[in-house]
Each structure stands twice: as structure tokens, then as C-alpha cells.
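K.L.:
Letter 300 of the sequence shown, counting from 1, is numbered 300 in the numbering used here, and no numbers are missing.
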Amino acid sequence: MNQAAGDGAQPHYMLPSFSSILPEYANAEAEHIKSAFSTGNYHSILKMPARLAPNSVNQARQECMDDNRHTATLVKAAPKMVTKNGLFNQFEYTPSRFSLGDELAKAERLEAEAKRFEIGGKDFVCSSGAKKLKYEDGFEDKNYVYPHLDVYYDDARDIALRERWLEKKKVLFGDFKPSGTAKPIGDVPTKKLLPDVIKDIHEAIAADWEDATVVVAPTDDGNIAVRFEHESLGGLEHALTAYMNVFANSHRLMSKYMLQKVVEDWNSKPTDGGLYFVMRPPWVRNPHGPMFSTLADAKE
1 MNQAAGDGAQ PHYMLPSFSS ILPEYANAEA EHIKSAFSTG NYHSILKMPA RLAPNSVNQA
61 RQECMDDNRH TATLVKAAPK MVTKNGLFNQ FEYTPSRFSL GDELAKAERL EAEAKRFEIG
121 GKDFVCSSGA KKLKYEDGFE DKNYVYPHLD VYYDDARDIA LRERWLEKKK VLFGDFKPSG
181 TAKPIGDVPT KKLLPDVIKD IHEAIAADWE DATVVVAPTD DGNIAVRFEH ESLGGLEHAL
241 TAYMNVFANS HRLMSKYMLQ KVVEDWNSKP TDGGLYFVMR PPWVRNPHGP MFSTLADAKE
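#1: Does the contact criterion of 3 or more C-beta pairs under 8 Å hold for the region 233–253 versus the region 199–211?
#2: For Glu29, which residues from the same chain have a beta carbon less than 7 Å from its beta carbon, with the 5 sequence-adjacent residues on both sides left out?
#3: Compare the Cα-Cα distances from Tyr257 to each of His230, Asp200 and Asp272 and report the closest residue.
#4: Taking the CB atoms as reference points, tell me whether Val197 and Ile205 lie closer together than 7 Å.
#5: For the pair the region 232–241 and the region 278–288, tell me if three or more CB-CB distances fall below 8 Å.
#6: Mapping the DSSP letters down to three states, classify Phe173 as helix, strand or coil.
#7: Just to confirm before moving on: does the CB-CB distance between Trp283 and Lys191 stay below 7 Å?
#8: Quick one: which unbroken alpha helix (DSSP H) runs of 4-plus residues sit fully inside the region 17–46? Chain order, please.
#9: Judging by CA-CA distance, which residue of Lys131, Ile45 and Ala114 is the nearest neighbour of Ile33?
#10: DSSP beta-bridge partners for Ser268?
#11: Whole-angstrom Cβ separation of Gly274 and Phe228, contact assumed at under 8 Å?
#12: Going by other Cβ atoms of all chains shown within 10 Å of its Cβ, with 16 needed for buried, is Leu133 buried or exposed?
#13: Helix or strand or just coil, what does DSSP make of Val216?
#14: Report back the beta-carbon spacing between Ala248 and Lys261 to the nearest angstrom; my notes put them in contact at under 8 Å.
#15: Excluding the 5 residues preceding and the 5 following Thr71 in the sequence, name in chain order all residues of the same chain whose CB lies nearer than 6 Å to its CB.
#16: Have a look at the DSSP bridge pairing and note the partners of Gln260.
#17: Per DSSP, Val226 forms a beta bridge with which residues?
#18: Go ahead and pull the three-state DSSP assignment for His70.
#19: Can you grab the Cα-Cα spacing for the pair Met14 / Ile21, in whole Å?
#20: Within 10 angstroms of its Cβ, does Leu259 collect 16 or more other Cβ (buried), or is it exposed?
The following block contains the structure:
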């Protein structure tokens, strides 16, 4: 080692190590910026560069560390000791007024008097200045009435009624009724309404598809099937599927009669030349058991 030092080469302990040769962490700048703008950060936003560029954050951090290393720390003067053994330091004493409590009480009294005159307009006057002892009856004169101010207890109720009346007058088009597929308020539709359901669905769909042959009929399991003749569609099968999806999701009849789309029989094409869309009314239970058993058999 001495020979290497004499030849001008660096000692072994000054040679660069493998960790110093490796590149820096790629996301160091991003994490530094994120920690500076997060809650409870310890990085100062003031020390961030004004313009962000590649490697500008790392360069600013390095400059800050160099300044901390090379800048001489300011030597603070020791506090002046006022005692012999240095147990206490000198401090500034600010005296307070002895009349501060009286001044606060006076301000409170003046505020109370101003509020009393604002409400009543005059000082409180007792009905009688005579003093009664404990054993004396204070109601000897039965015709005497204590003077009092009228208190209108019904004012608050009248004001509330007037405010409610004003709020009702602001409603120009009746009560608010939210849109969407919310559950209707009232009785659940029963099987007695099946003719009305079939009639309303047929009229709604037939009005939009006049050239197509539409048949609405109940099925053997109690559902309602909408059948379109495939030849009468004229190649508009995709448009019909989109129309029926919108009909099932947002039409008023679906929410009125609480109908649900039967997914397994929706847009089905049997061998009879028709296109079927099946809906389930509320009085028909959803057959979950057969569906799960069928899926289990298919997995096996």
C-alpha cells in the first residue's frame, strides 16, 4: 500500500465501490415531490426548484446539503445569568392592571343594560315597594293584579306556519317525483293484471315497430314472452336487440308492473323462425335452484 501511494495511485480504501458506481434510484425525484406535498411532510416546499426538469430535484437536494455542510453555523450568545449559580435566566415581566376585572364587569353590565333597554325600553319596576315578612300573606288583596307585559306565545307558531306556506307557494308544478326504475309506491301487481300487462306491452312495442309482426303472450312457466317474426324484421335484428335492452332498463311499463328481464331467454332464437324476449312478472318466483344445478352439472 505504501508503494502504491508513492507511485501516485489511490489507496485501496479510496477506490470507488460497486454501490457508488450504480445509478441512482429512478423514482427518487417523484417520491421527493410527493412527500413534499403530502400531509405531515418533512421536506420543505421552499427548497424545491422553481422549474422542474430532469435531475433538477436531485441537484437542488445536493446543493442544499452542500450549503448545510459548508455554511458556518451562527454562534448564538448564551443567555444572561442573573443568579450566582445560574439556576434562573433573565425574563421580561409584563405587569397587568389591577382594575382589569372591574373593567370587564363594567363592560358586561353596560352590555346587559343596553340589551334590556332594547327589549323593554325601560327599567324593570316592581309592582309594590312594600316588603313582606315570611309569615305575612302576600295575597291579601284579592282584586290586585300584578302589572305585566304581554307575551305573545303564538308568534313563533304563526311565523313557522307562514314560512311553510311561503315554501309551498314556491312549488309551481306539484310535488317532486324522482325518475328512474325505483319501486312504485302501492300494492304489488298480481296475476289478475296479466291481460292489462300484455295489452300495454303490445301497444308500446307495436307503436315503435309497425312493420314487424309482434306477438305478446304468456308462457307455460308464467313469464311473458314478446315474439318477433324474423322475416318481418328486414335485417334490423341488432337494432331490435338494442331497443329491447333500452325497453327493459328504462321503460315506464317495466317499473309500473315490476317486470324483470329473463337473461337466459332474452334474445333467443328457437327453430320456429321467431325472436323471443322473455320478461318475468313479480308473481313468478326466480328459479335459482335449477340454474345452479344446471351450472353444477355442466362443470362436472
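Backbone N, C-alpha and C define an ideal beta-carbon position, used for all residues, glycine too. Computed from a prediction, not measured in an experiment: that's the story for all the values here.
P.N.:
Short version:
#1: A contact exists between the region 233–253 and the region 199–211.
#2: Here residue 29 refers to the residue found at position 29 of the sequence shown. The residues are Val57 and Asn58.
#3: Residue numbering aside, residue 257 sits at position 257 when the sequence shown is read from its first letter. From the listed residues His230, Asp200 and Asp272, the smallest Cα separation to Tyr257 is found for Asp200.
#4: What you label residue 197 is simply residue 197 of the sequence shown in a count that begins at 1. What you label residue 205 is simply residue 205 of the sequence shown in a count that begins at 1. Val197 is not a Cβ neighbour of Ile205, given a cutoff of 7 Å.
#5: At 8 Å Cβ cutoff, the stretches do not touch.
#6: On the sequence shown, residue 173 is found 173 positions in, with the first residue counted as 1. Three-state DSSP puts Phe173 in coil, outside helix and strand.
#7: Taking the first residue of the sequence shown as 1, we reach residue 283 at position 283. Taking the first residue of the sequence shown as 1, we reach residue 191 at position 191. One thing to note: Trp283 has its Cβ within 7 Å of the Cβ of Lys191.
#8: Fully enclosed alpha helix (DSSP H) runs of 4 or longer: 18–21 and 28–36.
#9: Counting from one through the sequence shown, the residue named residue 33 turns up at place 33. For Ile33, the closest alpha carbon among the candidates Lys131, Ile45 and Ala114 is that of Ile45.
#10: Within the sequence shown, numbered from 1, the residue matching residue 268 stands at position 268. Answer by DSSP bridge pairing, in chain order: Tyr276.
#11: For the purposes of this step, residue 274 is identified with residue 274 of the sequence shown, where counting begins at 1. For the purposes of this step, residue 228 is identified with residue 228 of the sequence shown, where counting begins at 1. A Cβ-Cβ distance of about 6 Å is found for the pair Gly274 and Phe228, placing them in contact under the 8 Å criterion.
#12: In the sequence shown, counting from the first residue as 1, residue 133 sits at position 133. By the C-beta density criterion, Leu133 is exposed, having fewer than 16 other C-beta atoms within 10 angstroms.
#13: The residue labelled residue 216 in the question sits at position 216 within the sequence shown. Strand, per DSSP.
#14: For this step, residue 248 is matched to residue 248 along the sequence shown. For this step, residue 261 is matched to residue 261 along the sequence shown. Ala248 to Lys261, Cβ: 4 Å. Contact.
#15: Counting from 1 along the sequence shown, the entry for residue 71 is found at position 71. Closer than 6 Å at Cβ, skipping near neighbours: no residue.
#16: Residue 260 sits at position 260 when you count from the first residue of the sequence shown. Partner(s): Arg280.
#17: As a working mapping, residue 226 is identified with position 226 in the sequence shown. When beta bridges are read from the DSSP output, Val226 appears opposite Val216 and Phe277.
#18: Within the sequence shown, numbered from 1, the residue matching residue 70 stands at position 70. It is helical.
#19: Taking the sequence shown and counting its residues from 1, one reaches residue 14 at position 14. Taking the sequence shown and counting its residues from 1, one reaches residue 21 at position 21. Spanning the two alpha carbons is a distance of roughly 13 Å.
#20: What you label residue 259 is simply residue 259 of the sequence shown in a count that begins at 1. Under this definition Leu259 is a buried residue.
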